[in-house]
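Note that the sequence shown covers residues 0 to 263 in numbering that gives the first Met the number 0.
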Amino acid sequence: MSGEPGRVRRAVRAFVTDDNLDLYLLVVAGFVFTVLGITGLVGLEKLASAVLALLAILAISQIKSRKLTQQITRTRTGAVALRAEFPADLIDRRARAYDILLVGLTMTRTVQGMRTDLPAILKTGGRVRVLVLDPGDESLMVVADRHRPHSQGVEHLRTRIRATLDDLTALRERHGGRLEIRVLSSIPSAGFNCLDAHGPNGVVCVQHYEFHPEGEAAPIMVFSKNDAPWYQRFGDEAERLWESGADWPSSAVAERSSVSPSNG
0 MSGEPGRVRR
10 AVRAFVTDDN
20 LDLYLLVVAG
30 FVFTVLGITG
40 LVGLEKLASA
50 VLALLAILAI
60 SQIKSRKLTQ
70 QITRTRTGAV
80 ALRAEFPADL
90 IDRRARAYDI
100 LLVGLTMTRT
110 VQGMRTDLPA
120 ILKTGGRVRV
130 LVLDPGDESL
140 MVVADRHRPH
150 SQGVEHLRTR
160 IRATLDDLTA
170 LRERHGGRLE
180 IRVLSSIPSA
190 GFNCLDAHGP
200 NGVVCVQHYE
210 FHPEGEAAPI
220 MVFSKNDAPW
230 YQRFGDEAER
240 LWESGADWPS
250 SAVAERSSVS
260 PSNG
């Protein structure tokens, strides 16, 4: 018998501190006023006031529920889906972005797909940065070619990268604007599409460079601001890769291209 008061106190404490207490009270109050209205013990004016009060309590409960949902969304970690393909809206988001950082091995498909979008982005003052492997680094080309799923030779890889660099250089000469090109002397662990990463609606798309994949290298992950801490972490990695790159064309390349065969 001595434990009975303790159990009662614990039950009362649990009821009072329950997150759903407001809903319990709302159900009880609704039931009581329904009975009073049916029996005619309460007038219509008082019943209407009671209904408004119950609706106010219900609205407060909904607000609390939404705040809890938003808090869970803001604090979630590790909930990003692993994809086998790029998101369907990535091309459209890239075309609408104002600040773009692209990091990859060759970036041939991406740059060719952006030929019509890049001039518009540059014309409106947008910034585009592209980082690919250095085609002049022979040992890097050999290692990168071995990493690819279907090797077509070092020269084929070098040709693809140079085509990307030539396309970007021609676009910059034709349209001007903030188009920056760099080359990397090491193979990155992943490819990056960082779109307006410093803005509130930024996106960081990461493609893991799988060794000899049968199809598209995977997994592919898409992060938004809510995906802390990985959004910032992968965005920072892309920026570090960019900072480690060398401007293209380098002074040596520019000097070689300026020397004509007759002067050689």
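Each residue gets a CB set at the ideal place from its N, CA and C atoms; glycine is no exception.
As assigned by DSSP and simplified to three states, the class of residue i
i: T76; result: Unreliable positioning characterises T76 in this predicted model, as indicated by a pLDDT of 47, which lies under 50. The coordinate reading is nonetheless provided below. If DSSP states are grouped into helix, strand and coil, T76 belongs with coil.
i: L170; result: helix
i: D165; result: helix
i: A227; result: coil
i: S150; result: coil
i: H211; result: coil
i: G234; result: helix
i: I59; result: helix
i: I160; result: helix
i: R255; result: Note that R255 scores a pLDDT of 49, beneath 50, so its modelled location is shaky; the value from the coordinates is reported in the next line. Three-state DSSP puts R255 in a helix.
Interface flag, residue i vs chain C, CB-CB below 8 Å
i: L170; result: Of the protein chains in the structure, only one exists, and it is not chain C.
First through last residue of the beta strand (DSSP E) which encompasses residue i
i: H207; result: 202-207
i: R126; result: 126-132
Run of the alpha helix (DSSP H) containing residue i, from where it starts to where it stops
i: M140; result: 137-146
i: L117; result: 116-122
i: G112; result: 107-112
i: A196; result: A196 -> no alpha helix (DSSP H), and no H or E assigned at all.
i: I90; result: 89-95
Paired residues, beta bridge with residue i - DSSP
i: F191; result: V102, V205
i: D246; result: R181
i: I219; result: R82, Q206
Nearest-angstrom beta carbon gap, residue j and residue i [assumed within contact, 8 Å]
i: R159; j: T107; result: 5 Å
i: R181; j: A245; result: 6 Å
i: E215; j: E84; result: 6 Å
i: P218; j: L81; result: 4 Å
i: R157; j: M140; result: 6 Å
Three CB pairs or more closer than 8 Å across the segment 188-203 and the segment 91-105: yes
Does the segment 175-187 touch the segment 130-150, meaning 3 or more C-beta pairs lie closer than 8 Å? yes
Is it a yes or a no for the segment 221-232 touching the segment 194-213, going by three-plus beta-carbon pairs under 8 Å? yes
Determine, using beta-carbon pairs with one atom in the segment 149-165 and one in the segment 103-119, whether at least three such pairs fall under 8 Å. yes
At least 3 beta-carbon pairs within less than 8 Å: the segment 143-150 vs the segment 205-216: yes
On the three-pair Cβ rule with 8 Å, is the segment 166-181 touching the segment 226-237? no
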